[in-house]
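The structure appears right after this line, and notes come after that.
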Amino acid sequence: MKVAGVLLLLVPYCFTDKARADSYDVAEREPSCDLYPILGCPKVYDPYCGTDKITYPNECELCQENR
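Have a look at this one:
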């Protein structure tokens, strides 16, 4: 019975704009490449989109690729 209650609450949410991936507001910002050393990046997954339409695992990886 609890599962049915949870489903009844989730179904309306799935049809709202908040559940759609294309409704997220993506802020455009310049990477702060001076914060990262020349070698090595942290293994943190915080996707960062480059102007080359490639999504990098994080800002550091983007900076390493651009050097």
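Going by UniProt numbering, the sequence shown opens with residue 1, and the numbers climb by one from there.
The beta carbon of each residue, even a glycine, is placed where N, CA and C say it ideally should be.
Quick caveat, the model's predicted, so the values are computed rather than measured.
### Message
Does residue 69 pass the burial test, meaning 16 or more other C-beta atoms within 10 Å, or should it be called exposed?
### Response
Coverage of the chain is limited to positions 1 through 67, which leaves residue 69 absent and any answer about it impossible.
#### Entry: Continuous beta strand (DSSP E) assignments of at least 3 residues falling wholly in the UniProt domain "Kazal-like" (27-67)
You should have found no qualifying run.
### Query
When you compare each of D52, K53, L35 to E59 by their alpha carbons, which one comes out closest?
Within the sequence shown, the letter at position 59 stands for residue 59. When only C-alpha atoms are compared, the closest one is L35.
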